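These protein sequences, in sequence, are chains S and E. Its first residue numbered 472, the first sequence is counted upward by one per residue in our numbering. Its first residue numbered 472, the second sequence is counted upward by one per residue in our numbering. Working notes, structure below.
Number of protein chains: 2
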Amino acid sequence: MATRNAAQKRAQAKVEYNAFLAGCPSRQLLDRISDKWVVLVLCALGDGPMRYSEIARLLAGVSQKMLTQTLRSLERDGLVTRTVTPTVPVTVTYELTELGLSLHQMTRGLRDWAQANMGEVLANVEKYDAQEVLP
Amino acid sequence: MATRNAAQKRAQAKVEYNAFLAGCPSRQLLDRISDKWVVLVLCALGDGPMRYSEIARLLAGVSQKMLTQTLRSLERDGLVTRTVTPTVPVTVTYELTELGLSLHQMTRGLRDWAQANMGEVLANVEKYDAQEVLP
Numbered sequence: 472m473a474t475r476n477a478a479q480k481r482a483q484a485k486v487e488y489n490a491f492l493a494g495c496p497s498r499q500l501l502d503r504i505s506d507k508w509v510v511l512v513l514c515a516l517g518d519g520p521m522r523y524s525e526i527a528r529l530l531a532g533v534s535q536k537m538l539t540q541t542l543r544s545l546e547r548d549g550l551v552t553r554t555v556t557p558t559v560p561v562t563v564t565y566e567l568t569e570l571g572l573s574l575h576q577m578t579r580g581l582r583d584w585a586q587a588n589m590g591e592v593l594a595n596v597e598k599y600d601a602q603e604v605l606p
Numbered sequence: 472m473a474t475r476n477a478a479q480k481r482a483q484a485k486v487e488y489n490a491f492l493a494g495c496p497s498r499q500l501l502d503r504i505s506d507k508w509v510v511l512v513l514c515a516l517g518d519g520p521m522r523y524s525e526i527a528r529l530l531a532g533v534s535q536k537m538l539t540q541t542l543r544s545l546e547r548d549g550l551v552t553r554t555v556t557p558t559v560p561v562t563v564t565y566e567l568t569e570l571g572l573s574l575h576q577m578t579r580g581l582r583d584w585a586q587a588n589m590g591e592v593l594a595n596v597e598k599y600d601a602q603e604v605l606p
């Protein structure tokens, strides 16, 4: 039997990824990308490369620790690239990769959905909470 | 000036929802729906109504507390309905609302993306981790 390398094994296993299974790596990946900061960072970078400071300013309320952690995780998964330009002080720029751009389509949809249906959801929450206090 | 009711006020405010703003309710909504259990529950219910026990079985590894909490949050936002049938023991069935179905399109995309691109992400992670240990 011929020896298969890791890439071939992965290619063969491709059809078997199933996020419903607790041990499947796609469950962990889904956990990493199902995160409001990931969604907002990808939305921000959808318009083109941005400096760290620009992202931090746009994502009001994000802590430096959380943003750094989010960007590092996105870089590790190959969704963004990080470029350091030796200016004084150094400029750090983030940009979506092609893979990141394909995920951006999904996460932008999620963000747009939240903004578009906010009124209806608020009305539903009001109704639900009113029922809860009925005798 | 005419008195406006809450619905009218919300309708007028609709265009102003912006998840980049920390205080915007759409930021909180995005936080609620950017969650792997929400994504997986909506994926599961995309095929039709399901009993609580069926969802629990399909979503391997979810705790009862987490699943109950997730379903309650989805019900409060008006994304699923909960129907109790007085059998012995009682049957509790969950079903997507129309609003839930519209979100399902997005979350299914996210799950499918994770499963389809798992191989490429694993390769990226390997490469990143190998670079990290370079001198």
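No residue lacks a Cβ here, since even glycine has one placed at the ideal position from N, Cα and C. Bear in mind that the values here come from a model prediction, so they are computed numbers and not experimental data.
Q. Distance, Cα to Cα, residue 553/E vs residue 496/E?
A. As a first step, residue 553/E is located in the second sequence; it is residue number 82 there, counting from the start. As a first step, residue 496/E is located in the second sequence; it is residue number 25 there, counting from the start. Those two C-alpha atoms are separated by around 25 Å.
**Q.** 6 Å Cβ shell around residue 564/E - same chain, five flanking residues per side excluded
**A.** Your numbering for residue 564/E matches position 93 in the second sequence. Here the set comprises 520, 522 and 554.
Q. Apart from the five residues on each side of it in sequence, which residues of its chain come closer than 6 Å, Cβ to Cβ, to residue 511/E?
A. Here residue 511/E refers to the residue found at position 40 of the second sequence. Within the same chain, residue 511/E has close Cβ partners 530.
Q | Residues from the region 557-572 of chain E in contact with chain S, defined by Cβ distance under 7 Å | A | Taking 7 Å as the upper bound on Cβ-Cβ separation, chain S lies near residues 570 of the region 557-572 of chain E.
Q: Determine which residues of the region 499-512 of chain S have a Cβ less than 8 Å from any Cβ of chain E, and write them out in chain order.
A: Within the region 499-512 of chain S, the residues whose Cβ lies closer than 8 Å to some Cβ of chain E are 500, 501, 502, 504, 505, 506, 507, 509, 510 and 511, listed in chain order.
**Q.** Test item: CB-CB of residue 550/S and residue 580/S under 9 Å
**A.** As a first step, residue 550/S is located in the first sequence; it is residue number 79 there, counting from the start. As a first step, residue 580/S is located in the first sequence; it is residue number 109 there, counting from the start. It is not a contact, given that the beta carbons lie outside the stated cut-off.
Q) What residues from chain E crowd round residue 586/S, counting only those whose CB sits closer than 8 Å? A) Residue 586/S sits at position 115 when you count from the first residue of the first sequence. Taking the beta carbon of residue 586/S as reference, the chain E residues within 8 Å of it are 488, 489, 490 and 497, listed in sequence order.
(Q) Measuring straight from C-alpha to C-alpha, what distance separates residue 597/E and residue 558/E? (A) As a position in the second sequence, residue 597/E is number 126, starting the count at 1. As a position in the second sequence, residue 558/E is number 87, starting the count at 1. Straight through space, the alpha carbons of residue 558/E and residue 597/E are spaced by roughly 52 Å.
Q) First and last residue of the beta strand (DSSP E) that includes residue 525/S? A) Taking the first residue of the first sequence as 1, we reach residue 525/S at position 54. Counted as a single uninterrupted DSSP element, the stretch harbouring residue 525/S is not any beta strand (DSSP E) but the alpha helix (DSSP H) occupying residues 523-529.
Q. Going by the beta-carbon positions, is the gap between residue 488/E and residue 585/S smaller than 9 Å?
A. Translated into the one-based positions of the second sequence, residue 488/E becomes position 17. Translated into the one-based positions of the first sequence, residue 585/S becomes position 114. The Cβ atoms of residue 488/E and residue 585/S lie closer than 9 Å to each other.
Q: Measuring only between beta-carbons, confirm whether residue 531/S sits less than 9 Å from chain C.
A: Chain labels in this structure do not include chain C; the protein chains are S and E.
Q | Pair within 9 Å by beta-carbon distance, residue 498/S and residue 490/S | A | Stepping through the first sequence from its first residue, residue 498/S is reached at position 27. Stepping through the first sequence from its first residue, residue 490/S is reached at position 19. The answer is yes: Cβ separation under 9 Å.
Q | Contact set for residue 509/S: own chain, Cβ-Cβ below 8 Å, skip 5 residues either direction | A | Translated into the one-based positions of the first sequence, residue 509/S becomes position 38. Closer than 8 Å at Cβ, skipping near neighbours: 503, 541, 544, 545 and 578.
Q.
Could you pull the DSSP bridge partners for residue 567/E from this structure?
A. One-based indexing of the second sequence puts residue 567/E at position 96. Answer is 551/E.
Q.
What would DSSP say about residue 578/E, mapped onto helix, strand or coil?
A. Taking the first residue of the second sequence as 1, we reach residue 578/E at position 107. It is helical.
Q.
Tell me the rounded alpha-carbon separation between residue 569/E and residue 591/S.
A. If you number the second sequence from 1, residue 569/E lands on position 98. If you number the first sequence from 1, residue 591/S lands on position 120. Rounded to the nearest angstrom, the gap between the Cα atoms of residue 569/E and residue 591/S is 11 Å.
Q | Element boundaries [alpha helix (DSSP H), containing residue 517/S] | A | Residue numbering aside, residue 517/S sits at position 46 when the first sequence is read from its first letter. For residue 517/S, there is no enclosing alpha helix (DSSP H), as DSSP marks it with neither H nor E.
Q | Bounding residues of the alpha helix (DSSP H) (the contiguous stretch that carries residue 557/E) | A | By one-based count along the second sequence, residue 557/E stands at place 86. Careful: residue 557/E lies outside any alpha helix (DSSP H) and carries neither H nor E.
Q) Excluding sequence positions up to five away, which residues of its chain have a Cβ less than 8 Å from the Cβ of residue 538/S? A) The count along the first sequence starts at 1 and reaches residue 538/S at position 67. Within its own chain, the residues whose Cβ lies closer than 8 Å to the Cβ of residue 538/S, once the five positions on either side in sequence are excluded, are 508, 512, 523, 526, 527 and 530, listed in chain order.
(Q) Looking at residue 593/S: is its Cβ nearer than 9 Å to the Cβ of residue 516/S? (A) Here residue 593/S is taken as the residue at index 122 of the first sequence, counted from 1. Here residue 516/S is taken as the residue at index 45 of the first sequence, counted from 1. No, the pair does not count as a contact, with Cβ atoms beyond the cut-off.
Q. Using the beta-carbon count (16 or more within 10 Å), is residue 518/E buried or exposed?
A. Walking along the second sequence from the start, residue 518/E turns up at place 47. Classification of residue 518/E: exposed, given that the 10 Å Cβ count is below 16.
Q: Over the uninterrupted alpha helix (DSSP H) stretch that includes residue 488/E, give me the two end residues.
A: Residue numbering aside, residue 488/E sits at position 17 when the second sequence is read from its first letter. Element bounds for residue 488/E: n/a, residue is neither H nor E.
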